[in-house]
Amino acid sequence: AQSVSQHNHHVILSEAASLELGCNYSYGGTVNLFWYVQYPGQHLQLLLKYFSGDPLVKGIKGFEAEFIKSKFSFNLRKPSVQWSDTAEYFCAVNPSSGGSYIPTFGRGTSLIVHP
Amino acid sequence: GAGVSQSPRYKVAKRGQDVALRCDPISGHVSLFWYQQALGQGPEFLTYFQNEAQLDKSGLPSDRFFAERPEGSVSTLKIQRTQQEDSAVYLCASVRGSGSNQPQHFGDGTRLSIL
Numbered sequence: 867a868q869s870v871s872q873h874n875h876h877v878i879l880s881e882a883a884s885l886e887l888g889c890n891y892s893y894g895g896t897v898n899l900f901w902y903v904q905y906p907g908q909h910l911q912l913l914l915k916y917f918s919g920d921p922l923v924k925g926i927k928g929f930e931a932e933f934i935k936s937k938f939s940f941n942l943r944k945p946s947v948q949w950s951d952t953a954e955y956f957c958a959v960n961p962s963s964g965g966s967y968i969p970t971f972g973r974g975t976s977l978i979v980h981p
Numbered sequence: 168g169a170g171v172s173q174s175p176r177y178k179v180a181k182r183g184q185d186v187a188l189r190c191d192p193i194s195g196h197v198s199l200f201w202y203q204q205a206l207g208q209g210p211e212f213l214t215y216f217q218n219e220a221q222l223d224k225s226g227l228p229s230d231r232f233f234a235e236r237p238e239g240s241v242s243t244l245k246i247q248r249t250q251q252e253d254s255a256v257y258l259c260a261s262v263r264g265s266g267s268n269q270p271q272h273f274g275d276g277t278r279l280s281i282l
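So the sequence lines, in the order shown, correspond to chains F and C. Whatever position you read off the first sequence (first residue = 1), add 866 for my numbering. Whatever position you read off the second sequence (first residue = 1), add 167 for my numbering.
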């Protein structure tokens with residue numbers, strides 16, 4: 867069974883600071899990787915995803931993530947955060963082989979950005 | 168365009184009562200997932216449908232939990248003889264196809280409180 871670990875549960879930053887949220891997973895096969903965001907009062911929505919090709923993927927609102935296969939990691943980055951980035955961020959892993967396409971989510975990271 | 172719709176948004180029930188939670192996925196979406204999300208945690212998989220077929224129900228916590236999607240669109244999650252530990256947010260997500268590289272589209276969730 868796969869698992870997902872998000873090391874930072876709560877992050878507080880000032881506007882214009884750089885952001886990196888960690889995500890590590892355990893699974894022996896090939897995977898598809900996702901970051902979802904939940905803004906206050908809204909539903910979970912896709913931020914970016916990786917399933918093949920360039921391991922550096924770009925998403926909405928200036929976010930990017932890098933898949934490092936050897937480290938089983940898919941960390942989320944943004945060079946300069948804004949107050950509107952205040953939200954919960956969830957990393958998710960979905961096996962791409964083995965027939966069971968059940969995603970596993972991390973417990974989430976709460977990001978607060980001070981203006 | 169219409170997203171995933173869940174109802175009710177909030178449900179309060181007394182311990183021992185039965186509850187039914189509804190999910191209306193995006194029209195034409197083949198796959199539908201139910202998750203349970205406890206406070207401060209990520210979504211935990213409950214069950215998954217492809218069209219009307221329930222392909223995996225390994226995440227249902229007990230036989231008090233039952234889900235159906237009889238016509239391959241709307242789905243209902245039923246919890247019988249509710250207990251306090253059932254209190255959580257129940258999320259529904261739909262996926263356009265059946266591949267694991269496709270993102271999930273989430274509803275706003277139903278917040279269930281058992282007194």
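For each residue, glycine too, the CB sits at the ideal point set by N, CA and C.
{"Query": "If you measure from the beta carbon of F:Phe917 to each beta carbon in chain C, is any gap under 7 Å?", "Result": "yes"}
{"Query": "If we call anything under 7 Å between Cβ atoms a contact, is F:Glu886 one with F:Trp949?", "Result": "no"}
{"Query": "Leaving out five residues on either side along the sequence, give the residues of the same chain with a beta carbon under 6 Å from the beta carbon of C:Leu282.", "Result": "Lys181"}
{"Query": "I want to know whether the segment 174 to 194 of chain C touches the segment 259 to 266 of chain C - three or more CB-CB distances under 8 Å.", "Result": "yes"}
{"Query": "For a test of the three-state rule: what should DSSP assign to F:Asp920, helix, strand or coil?", "Result": "coil"}
{"Query": "Using 10 angstroms around the beta-carbon of C:Arg248, count the other beta-carbons present and answer buried if the total reaches 16, otherwise exposed.", "Result": "exposed"}
{"Query": "Could you list which residues in chain F have their beta carbon closer than 8 Å to that of C:Gln208, in chain order?", "Result": "Arg973, Gly974"}
{"Query": "Out of curiosity, what's the CA-to-CA distance linking F:Gln911 and F:Ser884?", "Result": "22 Å"}
{"Query": "Classify C:Lys245 as helix, strand or coil using the three-state DSSP reduction.", "Result": "strand"}
{"Query": "What residues are listed by DSSP as bridge partners for C:Ala205?", "Result": "Per DSSP, none; premise fails for C:Ala205."}
{"Query": "Counting only beta-carbon separations shorter than 7 Å, does F:Asn898 have a partner in chain C?", "Result": "yes"}
{"Query": "Taking Cβ-Cβ distances shorter than 9 Å, what residues in chain C pair up with F:Pro921?", "Result": "Near F:Pro921 there are no residues of chain C at all, since even the closest Cβ is about 15 Å away, more than 9 Å."}
{"Query": "Hey, is the segment 894 to 901 of chain F in contact with the segment 182 to 189 of chain C, meaning 3+ C-beta pairs nearer than 8 Å?", "Result": "no"}
{"Query": "Check distances from the C-beta atoms of the segment 267 to 279 of chain C to those of chain F and list, in chain order, the residues that come in under 9 Å.", "Result": "Ser267, Asn268, Gln269, Pro270, Gln271, His272, Phe273, Gly274, Asp275, Gly276"}
{"Query": "Does DSSP put F:Glu881 in a helix, in a strand, or in coil?", "Result": "coil"}
{"Query": "Using a Cβ cut-off of 7 Å, which residues of the segment 923 to 953 of chain F contact any Cβ in chain C, in chain order?", "Result": "none"}
{"Query": "By how many angstroms is the C-alpha of C:Gly170 removed from the C-alpha of C:Leu188?", "Result": "17 Å"}
{"Query": "What does F:Asn874 touch in chain C if you count any residue whose Cβ is under 7 Å from its own?", "Result": "Within chain C, no residue comes near F:Asn874; the closest Cβ sits about 13 Å away, beyond 7 Å."}
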